[in-house]
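Number of protein chains: 2
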Amino acid sequence: MRAQANGRPASSGIPEATVARLPVYLRALTALGESGLRTVSSEQLATAAGVNSAKLRKDLSYLGSYGTRGVGYDVEYLRYQIAREIGVNQDWAVVIVGIGNLGQALSNYGGFRSRGFRIVALVDGDASRVGEMHGDLAIAHIDELDRLVVERGCSIGVIATPGDAAQAVADRLVAAGVTSILNFAPAVLTVPEGVDVRKVDLSIELQILAYHEQRKRTPGADREGLPSEQVVES
Amino acid sequence: MRAQANGRPASSGIPEATVARLPVYLRALTALGESGLRTVSSEQLATAAGVNSAKLRKDLSYLGSYGTRGVGYDVEYLRYQIAREIGVNQDWAVVIVGIGNLGQALSNYGGFRSRGFRIVALVDGDASRVGEMHGDLAIAHIDELDRLVVERGCSIGVIATPGDAAQAVADRLVAAGVTSILNFAPAVLTVPEGVDVRKVDLSIELQILAYHEQRKRTPGADREGLPSEQVVES
DNA sequence: TAGATTGTTAATCGATTAACAATC
DNA sequence: TAGATTGTTAATCGATTAACAATC
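Going down the list, the protein sequences come from chains A and B. If you're matching positions, the first sequence starts at 1 in UniProt numbering and goes up one per residue. If you're matching positions, the second sequence starts at 1 in UniProt numbering and goes up one per residue.
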């Protein structure tokens with residue numbers, strides 16, 4: 001029973017599935033706002049976010065009662081409330097570990113800065129790459145990690161190393177005080193309680209697509225000839 | 001009721017949550033096999049994959065009965081069965097659209113080729129980049145997309161364009177015959193029935209981490225002082 | 001007031017987990 | 001046989017959805 005009986009937000013009692021959709025709503029609201037829209041119905045916003053309106057309203061109800069019956073939601077007000085709830089109004093310092101192709105791409109990605117994420121350090125284990133400039137950041141050696149995390153106040157670390165280096169990097173990040181990790185390395189990480197890890201695994205995503213693709217080609221022996229289903233991932 | 005009463009696999013009746021974990025088990029089995037292990041218990045494999053053993057056994061039961069009671073699973077046999085189920089034994093031709101930093105990183109990513117994904121075309125909308133070589137592939141213009149998809153048999157397309165180009169690219173991919181799309185662009189895609197879309201959104205991942213990070217810092221007013229929870233994403 | 005739309009309830013669905021009978 | 005471990009059951013939990021009373 002996570003939702004509260006009264007109209008007040010449950011602050012931390014928001015279901016994970018809802019938390020994962022809030023950034024999607026935020027993005028949709030930003031786009032709608034930029035197009036000049038002042039008020040939006042749950043139906044409109046749901047369409048823009050790619051969900052159904054019942055789910056959207058249920059999700060928003062965890063934050064509070066920010067809509068007006070018969071009217072809809074004020075775009076700017078709702079956008080602000082969601083941004084505050086997520087914490088995007090703050091500035092988050094991020095360190096990237098592993099400056100290969102992917103690490104470089106991430107360090108150049110414009111979508112981070114505009115959403116409150118500031119990349120403040122680039123770290124690599126290869127000593128020959130130390131000093132190499134990317135934007136206005138120089139690559140530092142992994143041995144500097146602890147100092148950099150503390151000095152620059154990083155609470156989020158991104159791991160973009162090969163799989164076999166990932167656990168050691170995670171250990172170092174945690175020891176330095178990082179409590180949130182975004183892991184692109186193909187490895188299962190073990191971290192202490194209180195540290196959040198999210199995993200983005202490119203070849204796993206392709207493999208999931210391949211699974212469904214295979215079934216489109218070989219109409220399943222034990223299933224009636226159904227039209228191949230759509231599996232849109234949230 | 002997706003599991004069948006008998007021991008036979010339900011081929012296409014595997015729950016999505018299970019499908020998403022099969023590649024994780026596959027990777028763990030490959031690593032265990034390379035380390036010389038011949039037989040593995042559900043407990044060992046579950047640990048290697050970062051799940052609990054009950055979930056692992058339930059997941060595997062959708063594929064069939066590939067273990068031996070009192071003994072465990074034959075590593076190589078189970079690895080093969082999962083690979084076959086996913087479709088990784090086949091070769092999948094992939095086209096990448098949008099050769100910016102991320103597209104380049106993806107085109108160089110070694111983890112794809114070794115898992116049956118062959119990148120066979122790089123496409124970009126910027127005419128001035130056409131001909132530029134990446135590995136042994138030259139960038140082609142987006143107008144060549146249809147021809148390339150047909151000639152090279154692509155069934156999977158990767159979108160790594162800016163958000164505002166993504167829907168048009170998706171439309172072109174679908175028109176050319178692509179039925180599975182991995183979307184890195186920050187945009188909600190609309191596709192016809194029968195086309196699968198999976199979305200990887202880097203700033204959404206960071207925002208989800210930020211949400212939890214914020215709560216670690218401001219011990220929620222309406223929650224007893226609990227140790228900040230771990231949210232390891234599968 | 002009449003029409004529109006939210007916020008919430010309750011039913012349903014799917015995923016997780018513990019426990020254990022089956023069986024190697 | 002005794003010990004180990006799978007495969008399955010059933011309980012529980014969390015997420016989704018339709019429907020509608022509340023209310024602007």
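Ideal Cβ positions, reconstructed from N, Cα and C, are used throughout, including at glycine.
How many angstroms separate the CA atom of Leu122/A from the CA atom of Ala54/A? 43 Å
Could you check where the beta strand (DSSP E) with Tyr77/A kicks off and where it finishes? Per DSSP, Tyr77/A belongs to no beta strand (DSSP E); it is in the alpha helix (DSSP H), 75–86.
Candidates Arg147/B, Ile142/B, Asp126/B, Arg118/B: which alpha carbon is nearest Asp136/B's? Arg118/B
Return no unless some Cβ of chain A is closer than 8 Å to the Cβ of Arg2/B. For Arg2/B, the pLDDT reaches just 34, beneath the cut-off of 50, and the residue's location in the model is therefore unreliable, leaving the point undetermined.
Go through its chain and collect everything with a Cβ distance to Gly163/B's Cβ below 6 Å, but skip five positions before and after it. Ala185, Pro186, Ala187
When you compare the CB of Leu37/A with every CB in chain B, is at least one pair closer than 8 Å? no
Using Cβ-Cβ distances below 7 Å, what residues of the region 175–209 of chain B are close to chain A? Thr179, Ser180, Leu182, Pro186, Val188, Glu193, Gly194, Val195, Asp196, Val197, Arg198, Lys199, Val200, Leu202, Ser203, Ile204, Glu205, Leu206, Gln207, Ile208, Leu209
Mind checking the region 105–116 of chain A against chain B and listing, in chain order, the residues whose C-beta falls within less than 8 Å of any C-beta there? Ala105, Leu106, Asn108, Tyr109, Gly111, Phe112, Arg115, Gly116
At least one CB of chain B closer than 8 Å to the CB of Pro15/A: is that the case? no
Nearest to Thr39/A by CA position, among Leu63/A, Arg79/A, Ala17/A, Gly87/A, is which residue? Arg79/A
The alpha helix (DSSP H) that contains Ile204/A, what's its start and end? 202–217
For Arg152/B and Glu85/B, the rounded distance between their alpha carbons: 24 Å
Between the UniProt DNA-binding region "H-T-H motif" (24–63) of chain A and chain B, which residues of the former have a C-beta closer than 8 Å to a C-beta of the latter? Val24, Leu26, Arg27, Ala28, Ala48, Ala49, Gly50
Could you give the first and the last residue of the continuous beta strand (DSSP E) run that contains Arg69/A? Careful: Arg69/A lies outside any beta strand (DSSP E) and carries neither H nor E.
Should Ser65/A be flagged as near chain B, meaning a C-beta pair shorter than 8 Å? no
Going by the beta-carbon positions, is the gap between Val158/A and Val97/A smaller than 8 Å? yes
Closer than 8 Å is the cut-off here; do at least three beta carbon pairs connect the region 86–106 of chain A with the region 51–68 of chain A? no
Whole-angstrom Cβ separation of Ala28/B and Leu45/B, contact assumed at under 8 Å? 6 Å
Determine the chain B residues that contact Gln214/A at a beta-carbon separation under 8 Å, and present them in chain order. Ile86, Gly87, Gln90
Would the region 195–205 of chain B and the region 60–70 of chain A be scored as touching if the rule is three or more Cβ pairs under 8 Å? no
Does the beta carbon of Leu145/B come closer than 8 Å to any beta carbon on chain A? no
Looking only at its chain, what residues have a beta carbon closer than 8 Å to the beta carbon of Val178/A, apart from the 5 residues adjacent to it on each side? Val95, Val149, Cys154, Ser155, Ile156, Gly157, Val195
Strictly under 8 Å for the Cβ-Cβ distance: is Arg152/A near chain B by that measure? no
Just how far apart, CA to CA, sit Gln104/B and Ala138/B? 12 Å
Leaving out the 5 sequence neighbours to the left and right, which residues in its chain are closer than 7 Å to Asp91/B when beta-carbon positions are compared? Gly116, Arg118
For the alpha helix (DSSP H) that Val178/B lies in, which residues bound it at each end? Where Val178/B is concerned, there is no enclosing alpha helix (DSSP H), given that its DSSP letter is neither H nor E.
Alpha helix (DSSP H) containing Leu37/B: first to last residue? Unbroken run through Leu37/B: none, as it is neither H nor E.
Span of the alpha helix (DSSP H), counted from its first residue to its last, around Asp59/B: 53–61
Please state whether DSSP places Gly120/A in a helix, a strand or coil. Reading off the sequence, residue 120/A comes out as Val, not Gly. Of the three classes helix, strand and coil, the one that applies to Val120/A here is strand, per DSSP.
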